Amino acid sequence: MVTVKEKTTVTQRIRGNCPTHSRTEISVRDVKTVVDEPKEREGTNMGPTPTETMVAALIACTNVITHKCAKKHGVEL
């Protein structure tokens, strides 16, 4: 017998405020962060670059999925 799991729907609200050409202030839930460019690229260096933010998100997702899979299969990390 096949068990069918109902699809999970997630709603996210993310707000971005762009006070300069390089800085973006991001609000997610009750958390705020800044994405920016370094001074060498005419930014204010107040946060990671967009590319660094993207790579950091990939690392974070890999961490979460790895731990979920390990737990499901009884593997301790």
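The opening residue of the sequence shown carries number 334 in this note's numbering; numbering runs sequentially from there. Glycine is no exception: its CB is placed at the ideal position from the N, C-alpha and C atoms. Bear in mind that the values here come from a model prediction, so they are computed numbers and not experimental data.
Alpha-carbon spacing of residue i relative to residue j, whole angstroms
i: T377; j: R348; result: 20 Å
i: T395; j: G407; result: 18 Å
i: M334; j: T357; result: 50 Å
i: R362; j: P383; result: 20 Å
i: A390; j: K340; result: 23 Å
According to DSSP, residues forming a beta bridge with residue i
i: R348; result: S360
i: V368; result: T357
Terminal residues of the alpha helix (DSSP H) in which residue i lies
i: M334; result: Careful: M334 lies outside any alpha helix (DSSP H) and carries neither H nor E.
i: N396; result: 383-405
Option in the options with minimal Cα separation from residue i
i: E370; options: T342, C351, P381; result: P381
i: E375; options: T353, I392, R362; result: T353
i: N350; options: S360, M379, T386; result: S360
i: T386; options: A403, H400, V368; result: V368
i: K365; options: K372, K338, R346, E409; result: R346
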